[in-house]
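Undergrad: One structure, as structure tokens, below. Some questions next.
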Amino acid sequence: MNVFRILGDVSHLLAMVILLVKIWRSKSCAGISGKSQILFALVFTSRYLDLLTNFISIYNTVMKVVFLLCAYVTVYLIYGKFRKTFDSENDSFRLEFLLVPVIGLSFLENYSFTPTEILWTFSIYLESVAILPQLFMISKTGEAETITTHYLFFLGLYRALYLANWIWRYHTENFYDQIAVVSGVVQTIFYCDFFYLYITKVLKGKKLSLP
Amino acid sequence: PAPASGKDEL
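Chains as they are written, first to last, in the working numbering: chain A, 1 to 211; chain B, 1 to 10.
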């Protein structure tokens with residue numbers, strides 16, 4: 001466990017908590033893509049099946065359970081408790097465009113052709129594109145609440161820190177996981193445009209709105 | 001190094 005990895009995990013957790021607190025306090029999930037949140041719940045579910053079979057550490061187990069809980073509570077708030085505030089009209093990204101290639105790729109390119117390994121690979125590929133419905137929604141409405149941009153910033157920061165973690169592990173432990181690294185790079189690239197807007201607008205006190 | 005699956009990561 002290195003400093004990039006722990007900061008990455010903290011940043012990931014912070015992103016999910018920011019989103020939950022935003023929805024809870026405002027009693028509204030306006031501007032949030034329910035589809036992205038469903039995809040994240042699916043990512044955690046398919047990746048953390050090893051909770052039942054493989055013990056790694058207390059930290060690992062606790063974080064996995066917390067991530068799963070956060071993801072499912074978020075989905076419940078969007079589609080259950082506060083569904084009247086959910087902007088389904090603008091959450092119109094077609095999930096099959098992501099799911100079909102991701103499922104196909106996880107069958108083609110994996111470490112071993114076993115159900116758990118394919119599900120793990122599926123979760124890695126899916127995570128790299130899961131934010132797209134959210135980014136699509138922002139580009140469609142042309143704006144995002146500032147709190148939503150903080151959520152996206154920490155989610156992107158988590159990915160960038162994981163890249164640093166992998167570089168560190170490559171040099172110190174001779175470790176690399178090519179599926180995770182390639183997907184992680186792809187995922188981080190999706191955030192670059194957003195990072196630019198976040199730094200040039202939101203951090204200067206302006207609302208994120210697209211021309 | 002040989003690739004390894006990062007199952008200890010979240």
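All C-beta atoms, glycine included, are put in the ideal place defined by N, C-alpha and C.
Using a threshold of 8 Å, state whether the C-beta atoms of L20 (chain A) and V73 (chain A) are closer than that.
TA: As a first step, residue 20 (chain A) must be located in the first sequence, where it is residue number 20. As a first step, residue 73 (chain A) must be located in the first sequence, where it is residue number 73. Against a cut-off of 8 Å, the Cβ pair of V73 (chain A) and L20 (chain A) comes out as a contact.
Undergrad: Taking the alpha-carbon positions, what's the D8 (chain B) to V100 (chain A) distance?
TA: Position 8 of the second sequence, counted from the start, is the residue given in the question as residue 8 (chain B). Position 100 of the first sequence, counted from the start, is the residue given in the question as residue 100 (chain A). Between D8 (chain B) and V100 (chain A), the C-alpha separation is close to 27 Å.
Undergrad: Output needed for S123 (chain A): all residues of its chain with C-beta closer than 6 Å, excluding positions within five of it in sequence on either side, in chain order.
TA: If you number the first sequence from 1, residue 123 (chain A) lands on position 123. V43, S46 and R47, listed in sequence order.
Undergrad: Have a look at the DSSP bridge pairing and note the partners of E143 (chain A).
TA: By one-based count along the first sequence, residue 143 (chain A) stands at place 143. Answer is A:S209.
Undergrad: Whose C-beta lies closer than 7 Å to the C-beta of K201 (chain A) among residues of the same chain, with five residues either side of it excluded?
TA: Along the first sequence, read from residue 1 onward, the residue named residue 201 (chain A) stands at position 201. Closer than 7 Å at the Cβ level, and outside the excluded window around K201 (chain A), lie L208.
Undergrad: Answer yes or no: does any C-beta atom of chain B fall closer than 8 Å to that of F67 (chain A)?
TA: Position 67 of the first sequence, counted from the start, is the residue given in the question as residue 67 (chain A). Yes - at least one Cβ of chain B is within 8 Å of the one on F67 (chain A).
Undergrad: Checking contacts by CB at 8 Å: is A160 (chain A) closer than that to chain B?
TA: If you number the first sequence from 1, residue 160 (chain A) lands on position 160. Not one chain B Cβ lies under 8 Å of A160 (chain A).
Undergrad: Let me confirm a value: F154 (chain A) is counted as buried when at least 16 other C-beta atoms fall within 10 Å, else exposed. Which label applies?
TA: Sequence index remark: in the first sequence, residue 154 (chain A) carries index 154 (1-based). Classification of F154 (chain A): buried, given that the 10 Å Cβ count is 16 or more.
Undergrad: Starting from K22 (chain A), trace the alpha helix (DSSP H) in both directions and tell me its first and last residue.
TA: Here residue 22 (chain A) is taken as the residue at index 22 of the first sequence, counted from 1. Looking at the DSSP string, the run of the alpha helix (DSSP H) that includes K22 (chain A) is V3 to S26.
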